[in-house]
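Student:
In the numbering used here, the protein residues as written are 33 to 160.
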């Protein structure tokens with residue numbers, strides 16, 4: 033409908049109940065300042081047994097990637113077509129950073145160490 037308005041109109045919707053619930057939960061979030069140097073994000077997908085919990089995989093990635101690994105997030109867990117029946121694919125986004133710009137070689141070395149640790153500890157295989 034045309035209301036013949038001289039200025040743009042904006043609409044926003046806010047779930048106040050969710051905001052109040054989040055405030056009541058008193059979830060502590062650490063402030064993370066914007067980095068003065070670029071971070072490097074890499075995705076990594078591994079195949080593990082279907083019974084393997086994801087938490088220990090993340091812990092191993094964190095421990096092995098330290099101190100350059102700043103963050104590890106799971107963005108996909110998949111089991112089905114194209115994956116062995118007794119396996120699942122777990123995909124992570126890894127964020128690397130330092131007080132200087134990292135080289136590809138430094139990040140690649142960290143990724144190689146992480147993959148090796150996952151292979152040794154969980155019989156994981158890099159998903160191609």
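For every residue, glycine included, the Cβ atom is placed at its ideal position computed from N, Cα and C.
All values derive from a computational prediction rather than experimental measurement.
For residue 78, is the classification buried or exposed, using 16 other Cβ atoms within 10 angstroms of its Cβ as the cut-off for buried?
Tutor: Taking the first residue of the chain shown as position 1, residue 78 is located at position 46. Result: buried.
Student: Are the stretch 60 to 71 and the stretch 135 to 148 touching, with three or more C-beta to C-beta distances below 8 Å?
Tutor: Output reads no: the stretch 135 to 148 does not touch the stretch 60 to 71.
Student: At 3 residues or longer, and completely inside the stretch 46 to 97: list those beta strand (DSSP E) runs for me, N to C.
Tutor: List check, beta strand (DSSP E) in window: 72 to 81.
Student: Looking at the unbroken beta strand (DSSP E) that takes in residue 139, where does it start and where does it end?
Tutor: Within the chain shown, numbered from 1, the residue matching residue 139 stands at position 107. Segment 136 to 154 is the alpha helix (DSSP H) holding residue 139; no beta strand (DSSP E) there.
Student: Determine the burial state of residue 142: buried for a count of at least 16 other Cβ atoms within 10 Å of its Cβ, exposed for fewer.
Tutor: Counted from its first residue, the chain shown places residue 142 at position 110. Classification of residue 142: buried, given that the 10 Å Cβ count is 16 or more.
Student: DSSP state of residue 108, grouped into three classes?
Tutor: The count along the chain shown starts at 1 and reaches residue 108 at position 76. Strand at residue 108.
Student: Three-state secondary structure (DSSP) at residue 35?
Tutor: Here residue 35 is taken as the residue at index 3 of the chain shown, counted from 1. Reduced to three states, the DSSP call for residue 35 is coil.
Student: Where do the N-terminal and C-terminal ends of the beta strand (DSSP E) with residue 122 fall, by residue?
Tutor: For the purposes of this step, residue 122 is taken as the residue at position 90 of the chain shown. Run containing residue 122: 119 to 128, per the beta strand (DSSP E) assignment.
Student: Determine which residues share a DSSP beta bridge with residue 100 and list them.
Tutor: Locating residue 100 in the chain shown gives position 68, counting from the first residue. DSSP lists no partner for residue 100.
Student: Is it right to say residue 89 is buried, meaning 16 or more other beta carbons lie within 10 angstroms of its own, or is it exposed?
Tutor: Reading the chain shown from its first residue, position 57 is the one you call residue 89. Buried is the call here.
Student: Could you name the residues of the same chain whose beta carbon sits closer than 7 Å to that of residue 149, not counting the 5 residues immediately before and after it, in chain order?
Tutor: For the purposes of this step, residue 149 is taken as residue 117 along the chain shown, with counting starting at 1. Result list for residue 149: 92 and 96, in chain order.
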